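Beneath this line is the structure, given in structure tokens, with notes to follow.
Okay, here's the thing in structure tokens:
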């Protein structure tokens, strides 16, 4: 999909959301775009076709004078949601009488003089949501757009919650669908929560979508009723709510250390570009394949392991990134996040019917699980892993197999951290252990949780025909990433005759916290 196609496809997708909406309550459809100016032609076309009012907060079209809505509940909801004292702030907004016009102002304290761009955006949102135009639209639809960058920090969460929590499902006899178009980067914590997350996003060349709130409990119920052993594949997204950094954040910190930069002052793409230019100028520091890539492809595909290969060479064999991770791990491991706690409760009820596989180094599961685990982390341990898995699946042993295919931080020598290590594959012991999970005659339910699908050693294994035929795969991710998309495209032929024919059928667009909480609740 090209960027033009993604932008053109946005309006039809939104129109379908409106067609499915039910009268009597407001359905809010939150959308994130990386460039509002680029998205506006498609949004304006949708507004024209639906004959729906469009308000762009922070712009002249967002400040037109309209009479206030007669919907007192909606007005009260705005005042309640945008009282940021609930976040520890000190301001709120209130509607004021202004000769029949719909006017709002800041109180406690009031704005002094001319409004700042951030203040004006907040007031424009208030006026848009409470305009009588929303009640008079024959299509029963309206569109409000704003830019996150223009909103003061205190109000960013408040405005998002106004739409996704407070207005969602609010009774209304007039307004049926409210589209909110937000320019900003996707923030998983803010924008991907259950029942309060984005539904669509335009990011680069892709139009991303997330499933509706009813999908998660339905999927969780299906998984909880699986009779055969389930493989749960844990990656960085699983540990994120316990405070551990995702791969790109560790990668960016490693690049900043190498180049003597402050990671917080540079965007992720900029750091990757700086690394590409720095390493590419050194003879032999990039592989022939890496040198053959276009700069943009290299930047998009750059992994932590590639950076650590350069780090090891630059620091003469030492690995400060791994040292930093171990220090952070020792501080965080005792305080497990929601995903870890829910998974550990799930293990209590699934002994004999679950196998854990991970590329994470941390010891969160070992530290918090109440059931016995059989941990395999180094090459010597993996020599016996396949036999143990066979016995476990046959009911002959009970400790849950935990395959740590990239090692464990409590034994740093076992950690697979560099591209040189992943380039040589997983090794015979790990390969046989993974193959032992395949189920003769039927597919094994295999759930990737928070995985980027960028681990080159495992991609060679998982991408092979026997795994393509032998796995019934699901991905738990807040939204579809390019690497998962690429992996899924190679599976199309194998999925054609299954009950889940497309990658979208196999996506569970939620965080690890939400997913494991739902699965645990369905047991």
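In this note's numbering, the protein residues as written are 1 to 523. C-beta: ideal position from N, C-alpha, C; glycine also. The structure displayed is predicted, hence computed values, not measured ones.
Nearest to residue 475 by alpha-carbon distance, out of 503, 319 and 21, is 503. With a contact defined as Cβ atoms closer than 8 Å, residue 36 and residue 183 qualify at about 4 Å.
Contact check for residue 200 against residue 7 fails: the beta carbons are separated by 9 Å or more.
Pairing residue 236 with residue 244, the inter-Cα distance amounts to about 8 Å. With the rule of 3 Cβ pairs closer than 8 Å, the region 262-274 counts as touching the region 295-302. Between the region 311-330 and the region 374-382 there are fewer than three C-beta pairs closer than 8 Å, too few to call the two in contact. Per DSSP, residue 97 is one residue of the beta strand (DSSP E) stretching across 92-98. Residue nearest to residue 296 within the set 205, 157 and 25 is 205 (criterion: CA-CA distance). The beta carbon of residue 338 lies closer than 6 Å to those of 241 and 513 in the same chain, with the five residues before and after it left out. Contact annotation, residue 145 with residue 134: C-beta distance approximately 14 Å; criterion of less than 8 Å not satisfied. Within 10 angstroms of the beta-carbon of residue 80 lie fewer than 16 other beta-carbons, which makes it exposed.
Less than 9 Å separates the beta-carbon of residue 250 from that of residue 325. Residue pairing for residue 383: DSSP places it in no beta bridge. Counting along the chain, the unbroken alpha helix (DSSP H) around residue 495 starts and ends at 492-495. Residue pairing of residue 68 in beta bridges, as defined by DSSP: 131. Residue 354 and residue 127 have their C-alpha atoms spaced approximately 53 Å apart. Short of 6 Å from the beta carbon of residue 123, and not among the five residues preceding or following it, lie these beta carbons of its own chain, in chain order: 104. In the same chain as residue 432, and ignoring 5 residues on each side of it, the C-beta atoms closer than 7 Å to its own belong to 386, in chain order. Exposure of residue 195 is indicated by the presence of fewer than 16 other C-beta atoms within 10 angstroms of its C-beta. Shown here, residue 523 sits in coil according to DSSP, grouped into three states, outside any helix or strand. In the displayed model, residue 185 falls within coil according to three-state DSSP, outside both helix and strand.
Relative to residue 363, the option among 333, 378 and 380 whose CA is nearest is 333.
Less than 9 Å separates the beta-carbon of residue 522 from that of residue 217. DSSP, reduced to helix, strand and coil, places residue 358 within a strand of the structure shown. Between residue 56 and residue 234, the CB-CB gap reaches or exceeds 9 Å. The C-alpha of residue 70 lies about 7 Å from the C-alpha of residue 132.
Pairing residue 100 with residue 67 gives a Cβ-Cβ distance under 9 Å. Around the beta carbon of residue 125, a 10 Å sphere encloses 16 or more other beta carbons of the protein chains shown; the residue is thus reported as buried.
Contact annotation: residue 426 and residue 469 have beta-carbon atoms that are not nearer than 9 Å. Relative to the Cα of residue 192, the nearest Cα in the group 177, 209 and 181 belongs to 209. In the same chain as residue 279, and ignoring 5 residues on each side of it, the C-beta atoms closer than 6 Å to its own belong to 285, 286 and 310, in chain order. According to the DSSP secondary-structure assignment, residue 206 is paired through a beta bridge with 203. Using a Cβ-Cβ distance cut-off of 8 Å, the region 442-453 and the region 409-421 are not in contact, since fewer than three pairs of beta carbons, one from each stretch, lie closer than that value.
Where residue 160 is concerned, the enclosing alpha helix (DSSP H) starts and stops at 153-161.
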